[in-house]
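Residue numbers (this note's numbering): 103 to 256.
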């Protein structure tokens, strides 16, 4: 017979591992930084797309003066009509290339000085005026005078 002894088996305890925790502090910081970044950058396209009304010809901040067209007879005369047609010394320029050619010819013929007198209609587009200014710069005509013609009540 087996002698009875009260032996307690020493079973090692089951290993308990501490829970693996992820430190969320850095992730929360990154999320807040991203939120601030996107809030700031999302307003920039809205500001870039805001429409600005064009200035009115009669209410500009510049002083309105009557322009004597005869005082600038030595200048090359360029007219911009309300339909954006461009006339150089009473000859219509049908394209940008034609405009540049006519300005260079008028400069080289010796009848005009080194300047251009641009008379723009109040209803002409800004793009037509920029086209004329660019053509003057390309034609080496640095002296440009610009006048806006208001509509005369009939």
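For every residue, glycine included, the Cβ atom is placed at its ideal position computed from N, Cα and C.
Under 8 Å, do residue i and residue j count as touching if we go by C-beta distance?
{"i": "residue 198", "j": "residue 237", "result": "yes"}
{"i": "residue 223", "j": "residue 182", "result": "yes"}
{"i": "residue 216", "j": "residue 243", "result": "yes"}
{"i": "residue 221", "j": "residue 251", "result": "yes"}
{"i": "residue 206", "j": "residue 241", "result": "yes"}
Let me make sure I understand the geometry here. Which of the options has the alpha-carbon closest to that of residue i?
{"i": "residue 208", "options": "221, 185, 189 and 226", "result": "189"}
Can you tell me whether residue i is helix, strand or coil according to DSSP?
{"i": "residue 124", "result": "coil"}
{"i": "residue 144", "result": "helix"}
{"i": "residue 113", "result": "coil"}
{"i": "residue 131", "result": "helix"}
{"i": "residue 229", "result": "helix"}
{"i": "residue 235", "result": "helix"}
Among the residues of its own chain, which have a CB less than 7 Å from the CB of residue i, if the five just before and after it don't count?
{"i": "residue 226", "result": "182, 183, 184 and 186"}
{"i": "residue 214", "result": "176, 177, 178 and 208"}
{"i": "residue 230", "result": "182, 186 and 188"}
In chain order, what residues of the same chain lie with their CB nearer than 8 Å to the CB of residue i, ignoring the 5 residues before and after it?
{"i": "residue 201", "result": "188, 190, 195, 233, 234 and 237"}
{"i": "residue 133", "result": "none"}
{"i": "residue 204", "result": "190, 191, 193 and 195"}
{"i": "residue 110", "result": "none"}
Please go through the same chain and pick out, in chain order, the residues whose beta-carbon is closer than 6 Å to the beta-carbon of residue i, but skip the five residues on each side of it.
{"i": "residue 135", "result": "none"}
{"i": "residue 219", "result": "174, 177, 179 and 247"}
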